[in-house]
Amino acid sequence: MFVQFNRFGQRFGGMTGGIAGWLLMWPGILLAGIGLAILIWPELLAYMVAGLLLFAGLTLAAWGWQMTQLQKRMRNRAQSGFTEVYYEEPRY
24 MFVQFNRFGQ RFGGMTGGIA GWLLMWPGIL LAGIGLAILI WPELLAYMVA
74 GLLLFAGLTL AAWGWQMTQL QKRMRNRAQS GFTEVYYEEP RY
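Counted from 1, the sequence shown has number 91 at position 68 by this note's numbering; the numbering is strictly sequential.
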């Protein structure tokens, strides 16, 4: 018969609080499951750490490769005299 409202006008219950709760609960459940799996199979931790290190190493190597390519292009443009000029009229 009565509907409770909080001070912002939202109803208590329903889906408003449920979604936020699940967004916090699922990562917690997932991390607890991973922790339990590592306790049962300790070599799983080695695979996870190796995968993380491999991913980080390949990402940094790709980033470094892109930087060297960018430096080469900038050096070539500087040696060719910057033939491309970009100028924009000021707006008043």
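Here a beta-carbon is modelled for each residue, glycine too, at the ideal position from N, C-alpha and C.
Kindly indicate which three-state DSSP category residue i falls into: helix, strand or coil?
i, result
"tyrosine 70", "helix"
"proline 65", "coil"
"glycine 104", "coil"
"proline 50", "helix"
"arginine 114", "coil"
Among the options, which residue has its Cα nearest to the Cα of residue i?
i, options, result
"methionine 71", "Gly58, Leu83, Thr82", "Gly58"
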